[in-house]
Amino acid sequence: MQAARLHEYTGEMSEALSIDEIDRPNLERSDQVLVEVEGAGWCQTDNHIIEGMWEDYAPQDLPMTLGHENAGVVAETGEEVTLVEEGDPVICHPVQTCGICRPCRLGEDMYCENSAFNGLTTDGGFAEYLQTNERAVIPLPDGVDPTEIAPHADAGITAYHAVKKAVGELNPGDTCVVVGVGGLGHIGLQCLEAMSAADIVAADIKDEALELAEELGARHTVNSAEEDLEDVIADVTDDEGARQVIDFVGSDETTGLAADVVAAGGDHHIVGYGGHIHEPSQALVDGEFSFRGTLVGKYAELQELVALVDRGDVELRTERHDLSDINTVAERLEHNEIEGRAVIQPP
């Protein structure tokens, strides 16, 4: 089968991955599932993996097939699998968990002590077939297109995971700021609109992104390249600040907003990453606000997100590309030229 493989870390996206002919995966355990991939979302994290940013955080043996946002049709199942059968459309949680360690018993999928992360620590879905396990697959409702929904396996669930935490701290009339209305942010904004009665302020540096934010339910929009976001939030909240900030950018500049825009006792959720946090400890003490990280999300949360998609509450803006165009997609995302999410379709 054909697969897009990373052979060495590089900052040059135009030739990052090679299309190799490799063996189709064999099921090695009775709980495994082989999925014929119909769509695999390209994520900014893929760019970071190519650059080697994850080398110190996750074990990686190169060459490796990337792709952690995967959906398709079940091609084969192990003998103990009962959740799905051949021909079922599924979306795949990116982490294959063991189910028996303490984090798994607590339902904390991302903390599994024996996990395999497709496209990060083991082969992913930029290929014709993906090997995963029963604990990672979620059957799709009738009428839900696996190709269209694929990016929800990471982008969607990550946005949903952050929003769900924020919603637990939001009352009707509170203000929540969404920073960055791109591939993740446009999903998070829809989840926020569906799950809370907060007033949403969307901030971005692109007018077209802000137009989309308004269309998706933002009450206020701010072009932060032209307006001072701190002044806008102060005006909107009568100087109280935003109860929650969900940062889908994660740059030094956006994390630096926290002390100036987060209300006392509020949270700044970091979803996008690449920057740093440089706040004086006194600022956190004085404002008693928190920075909260976001690492994908739980299997159950992906089920919940699929329910929102099935109800029509969350829609993805996607563009589709052939596997052979994969490096062009990587390069375009590196230059912020993709609106919404790019989905790779194997041959």
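Here the sequence shown stands for residues 35 to 381, where the numbers follow the working numbering.
Even glycine gets a Cβ: it sits at the ideal position worked out from N, Cα and C.
Computed from a prediction, not measured in an experiment: that's the story for all the values here.
Query, Result
"Taking a contact to mean a Cβ-Cβ separation below 7 Å, would you say A184 touches G75 in this structure?", "yes"
"Run through the DSSP bridge pairs and tell me what I276 is partnered with.", "According to the sequence displayed, residue 276 carries Ala and not Ile. BP columns for A276 point to V296."
"V215: which of G207, C225, P206 and D208 sits nearest, CA to CA?", "C225"
"From A236 to V295, what distance separates their C-alpha atoms?", "13 Å"
"Classify R375 as helix, strand or coil using the three-state DSSP reduction.", "strand"
"Whole-angstrom Cβ separation of L350 and I234, contact assumed at under 8 Å?", "Incorrect: roughly 19 Å between the Cβ atoms, too far for contact."
"G222 bridges to which residues according to DSSP?", "Answer by DSSP bridge pairing: none, since G222 is not bridged."
"Determine the DSSP secondary structure at R39, reduced to helix, strand or coil.", "strand"
"Counting C-beta neighbours from all protein chains within 10 Å, is the total for E335 16 or more, i.e. buried, or is it exposed?", "buried"
"Is the beta carbon of R277 less than 7 Å from the beta carbon of T209?", "yes"
"How many angstroms separate the CA atom of E264 from the CA atom of G309?", "20 Å"
"From the DSSP output, read off the bridge partner residues of A105.", "G73 and I125"
"Would D143 and T131 be called neighbours here (beta carbons separated by less than 7 Å)?", "yes"
"With DSSP collapsed to three states, give me the class of N361.", "helix"
"So, at 8 Å on beta carbons, what are the nonlocal neighbours of D356 in its own chain, with the 5 sequence-adjacent residues on each side left out?", "I378, Q379 and P381"
"Kindly list the residues whose CB is nearer than 6 Å to the CB of V266, restricted to its own chain and excluding five residues on each side of it in sequence; keep chain order.", "V256"
"If you check the beta carbons only, do R326 and H303 fall under 7 Å apart?", "yes"
"Please state if the CB of V129 and the CB of G106 are separated by a distance shorter than 7 Å.", "no"
"By the three-class DSSP mapping on this structure, what secondary structure does N370 have?", "coil"
"From the DSSP output, in three-state form, read off I56 for me.", "coil"
"Please state the DSSP three-state secondary structure of L263.", "helix"
"Comparing C-alpha positions only, which one of V212, A298 and G153 sits nearest to A252?", "V212"
"At what residue ranges does the segment 229-264 contain a whole run of the beta strand (DSSP E), taking only runs of 3 or more?", "233-238 and 254-257"
"For the candidate residues S324, G101, E249 and G112, whose alpha-carbon lies nearest to that of I84?", "G101"
"Count the other CB atoms, across all protein chains shown, that sit within 10 Å of the CB of D176; report buried if there are 16 or more and exposed otherwise.", "exposed"
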